[in-house]
Every structure is written in C-alpha cells, then in structure tokens.
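**Q** First residue of the sequence shown: 1, per UniProt numbering; consecutive thereafter. C-beta: ideal position from N, C-alpha, C; glycine also.
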Amino acid sequence: MNENTTPREYFPDAIRAYLMLLGIPFHLSLIYSSHPWAINSHHPSLVFTLLNDFIHAFRMQVFFVISGYFSFMLYQRPERLYWLQVLLERVVIPLLSAIPLIILPQLFLLKNYTPKLQDWHLLTIYQKINVAIWEVISHLWFLLTLTLFTGICFYWFKKIKNNAPLVPFFINEINNIGKVSLLLVLYALGYSIIRRALFILNPEIFFSSVFNFFFMETLFYLPFFLLGAYSFVYPQLKQLFIVFSPGALLASLFLFLAYYTNQHLNTADFFPLNWI
C-alpha cells in the first residue's frame, strides 16, 4: 500500500537555516559599520556598512515568509492542539533556554565592560526594568514574535483552511511579483503612518520595550508570516517566488539603494523634519 505523504521541502528549509546563519556576519559587521553598537570600531568601514545594510534589508522578512509557510504546512495535521504544542516547544523552549545561557552573560558583559549601561545606577526602577527587558529579549526577539504569531494564527489559520476552496479576490488578482511588492509597499506605508502618528501623539512610547516587542514588531512582520501561509495554500502564489524575475532583480537593487539612502541620509543632520 502506498501512503500519501507530503514530501519534505528541503529548499526553503535550507534557506531559512542560511538566513539564521547570516546573523553571524550581520552582527559582526555592526562593529565595523557606521551604525551605533555596543562596541564600535573607531574607523567605520563602508564595505561592512553595505554588507550590514544588505543583510538587514531582507533577512528577517524572508525568514518570516518561510516560517509562515512551514507553520501552515504543519497546521494541515488533524489536531490543532498538536500544532500549537509542537510550535510552542520549538519556539518557547529555545527562547527560555537562551536567556540564562546567552542573554544574562551578555547583559553582564554589557554592563561591566562596555559604556552602554554605565549610567545603570542613575536609572529609576521602571527604567531598569525597561532596559532589562530590552536586553533580555535582545537577539531573541524573533522567537518572541514567532510565539505571538502562533497564538494569533491558532484561529486565523482555521479561517484560512476552511475558506481555502474559495480563492480570495486579492489572491486571484496577484499574478506577478510586482503586485505582491505593491501590496507590501502599501502595507509599509500604512505602518509608517501609524508609527508617525504614535510618535507625534506620544513619542515616549517608543522607549517602551514591551510596546516595541509585542506591538510594533508583530505589526511589522505579520504580513510576511501570512504571505508564507497563503503561499502554501495557493500554489500559484508560491510559484511567483520560485520563478526568476529580471524585473524583480532590478527593482530590488533600486529598493536597496532607497533603503540605504534612507538609513544614512534621512537624519536630523540632513532633514530636521524627518519622520521615518
């Protein structure tokens, strides 16, 4: 008897692993780039700055697309509670394990051997708690975000699965990678408007670690996670990402130039009224 099993997709799984490995050159290049970091070289390198910005421009967005894809693949199993249990084990256990093994030693080194936390004794109780949350979550923010996505999509995926035979209008309309990009640009514009409005109304809120990790990061990356889930449900959407597009390559180079320009020129020194 032949059993019908879903073949393992090694290619996206390998990409996700490589994206995680890119975190090593990304964080190392921060030291020698022009971006402020806990430890910075006195002679910033343009090469390392470009490398850092290049990796940062796509790494986590693609990671969340692939994570959403595999998350919905696992959701196809009959037991939703099993799906929830497996994902939480794969995300929450590494998150909690890394805090004493990696993050607390890192916090100790930052406090005692770098100028980053030299004013610790001057902080209020609230400020100390806030800074501690920033530093404890630190590089593990994506695990926290995946945990939040798991909770959000526990019910959202059920709706997507039940409505799978009825292809949504926007899926039918997306027949090229340009339209996918346009939707993401429109979402990013809406995100920027929300961010700007919050900055005008209450700028101090962006100093809150809880607000940034639980709201802003979730709001920013959720469409990428859902895009991955929809790509699993509708093969025509997935096909857009695995077919080479010369136009997409040229557009990505232009968008990277725009991203780099915004990162380094859209500052108070050049534009006193900058808002991004």
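Kindly indicate which three-state DSSP category I174 falls into: helix, strand or coil?
**A** As a first step, residue 174 must be located in the sequence shown, where it is residue number 174. Residue state, collapsed to three classes: coil.
**Q** CB-CB under 6 angstroms to residue 293, same chain, minus the five flanking residues each way: which ones, in chain order?
**A** Outside the shown range of the chain, which is 1 to 276, sits residue 293, and nothing can be said about it.
**Q** For Y259, which residues of its own chain have a beta-carbon under 8 angstroms away from its beta-carbon, when the five flanking residues on both sides are left out?
**A** In the sequence shown, the residue the question calls residue 259 occupies position 259. Same-chain partners within the cutoff: D53, A57.
**Q** Within the present structure, is the beta-carbon of F58 separated from the nearest heavy atom of the ligand GDP by less than 7 angstroms?
**A** Absence of the ligand GDP is noted for the structure shown, with no ligands found whatsoever.
**Q** If you drop the 5 nearest sequence neighbours on each side, which residues of the same chain put their C-beta closer than 6 angstroms to that of F271?
**A** Sequence index remark: in the sequence shown, residue 271 carries index 271 (1-based). Low local confidence applies: a pLDDT of 43 at F271 is under 50, so the model's placement there is unreliable, and no value is given.
**Q** Reducing DSSP to helix, strand and coil, say where L166 ends up.
**A** In the sequence shown, counting from the first residue as 1, residue 166 sits at position 166. Secondary structure at L166: coil, using DSSP grouped into helix, strand and coil.
**Q** Could you check how far apart the C-beta atoms of A251 and S192 are, in whole angstroms? I think they sit under 8 angstroms.
**A** Counting from 1 along the sequence shown, the entry for residue 251 is found at position 251. Counting from 1 along the sequence shown, the entry for residue 192 is found at position 192. Actually they are not in contact, since the Cβ atoms of A251 and S192 sit about 19 angstroms apart, beyond 8 angstroms.
**Q** Who are the Cβ neighbours of L146 in its own chain at under 6 angstroms, not counting the five residues just before and after it?
**A** Numbered from 1 along the sequence shown, position 146 holds the residue referred to as residue 146. Hits under 6 angstroms: V91.
**Q** Would you call the CB atoms of I93 and V136 closer than 8 angstroms?
**A** Numbered from its first residue, the sequence shown carries residue 93 at position 93. Numbered from its first residue, the sequence shown carries residue 136 at position 136. In this structure, V136 does not lie closer than 8 angstroms to I93 by Cβ.
**Q** Measuring straight from C-alpha to C-alpha, what distance separates S41 and K116?
**A** Along the sequence shown, one-based indexing puts residue 41 at 41. Along the sequence shown, one-based indexing puts residue 116 at 116. The straight-line gap from Cα to Cα measures roughly 15 angstroms.
**Q** To which residues of the same chain is F48 closer than 7 angstroms at the C-beta, ignoring the five residues directly before and after it?
**A** Taking the sequence shown and counting its residues from 1, one reaches residue 48 at position 48. Answer for F48: S29, Y32, S33, listed in chain order.
**Q** Within 10 Å of its beta-carbon, does T261 have 16 or more other beta-carbons around it, so buried, or fewer, so exposed?
**A** As a first step, residue 261 must be located in the sequence shown, where it is residue number 261. Answer is exposed; the Cβ neighbour count stays below 16.
**Q** DSSP three-state label for F244, please.
**A** Translated into the one-based positions of the sequence shown, residue 244 becomes position 244. Here F244 sits in coil by DSSP.
**Q** Could you tell me the boundaries of the alpha helix (DSSP H) in which T114 lies?
**A** Looking up residue 114 in the sequence shown gives position 114. Counted as a single uninterrupted DSSP element, the stretch harbouring T114 is not any alpha helix (DSSP H), since DSSP gives it neither H nor E.
**Q** Nearest to Y187 by CA position, among L166, N130, L227, L95, is which residue?
**A** As a working mapping, residue 187 is identified with position 187 in the sequence shown. When each option's Cα is compared against that of Y187, the closest is L227.
**Q** Select from V185, R59, F254 the residue whose C-alpha is nearest the C-alpha of L21.
**A** Walking along the sequence shown from the start, residue 21 turns up at place 21. The shortest Cα separation from L21 among V185, R59, F254 belongs to R59.
**Q** Is T124 helix, strand or coil when you go by DSSP?
**A** By 1-based counting over the sequence shown, the position of residue 124 is 124. If DSSP states are grouped into helix, strand and coil, T124 belongs with coil.
**Q** Say whether the stretch 167-185 touches the stretch 128-142, bearing in mind that this needs 3 or more beta-carbon pairs closer than 8 angstroms, one atom from each stretch.
**A** No: fewer than three Cβ pairs fall under 8 angstroms.
**Q** Taking all protein chains shown into account, do 16 or more other C-beta atoms lie within 10 angstroms of the C-beta of Y75, making it buried, or fewer, making it exposed?
**A** Taking the first residue of the sequence shown as position 1, residue 75 is located at position 75. When all chains shown are included, Y75 counts as buried.
**Q** Within 10 Å of its beta-carbon, does G151 have 16 or more other beta-carbons around it, so buried, or fewer, so exposed?
**A** On the sequence shown, residue 151 is found 151 positions in, with the first residue counted as 1. The residue in question, G151, is exposed, as its Cβ has fewer than 16 Cβ neighbours within 10 Å.
**Q** How many angstroms separate the CA atom of E173 from the CA atom of L183?
**A** Taking the first residue of the sequence shown as 1, we reach residue 173 at position 173. Taking the first residue of the sequence shown as 1, we reach residue 183 at position 183. Straight-line Cα distance between these residues: approximately 11 angstroms.
**Q** From Q118 to Y126, what does the alpha carbon distance come to, in whole angstroms?
**A** Sequence index remark: in the sequence shown, residue 118 carries index 118 (1-based). Sequence index remark: in the sequence shown, residue 126 carries index 126 (1-based). Between Q118 and Y126, the C-alpha separation is close to 17 angstroms.
**Q** Can you tell me which of the three DSSP states F63 falls into?
**A** The residue labelled residue 63 in the question sits at position 63 within the sequence shown. Helix, per DSSP.
**Q** Identify whether R80 lies in helix, strand or coil by the three-state DSSP scheme.
**A** Within the sequence shown, numbered from 1, the residue matching residue 80 stands at position 80. Residue state, collapsed to three classes: helix.
**Q** Considering only residues of the stretch 21-64, which uninterrupted alpha helix (DSSP H) runs meet the minimum length of 4 residues and lie entirely inside it, listed in chain order?
**A** Restricting attention to alpha helix (DSSP H) runs no shorter than 4 residues, the stretch 21-64 encloses them at 23-32, 46-56, ordered along the chain.
**Q** Please list, in chain order, all residues of the same chain as residue 277 whose beta carbon is under 7 angstroms from its beta carbon, the five residues on each side excluded.
**A** Summary: the structure shown does not reach residue 277, with the chain confined to residues 1 through 276, and so no result is reported for it.
**Q** Buried or exposed: S231, going by 16 or more other Cβ atoms within 10 Å of its Cβ?
**A** Translated into positions along the sequence shown, residue 231 becomes position 231. It counts as buried.
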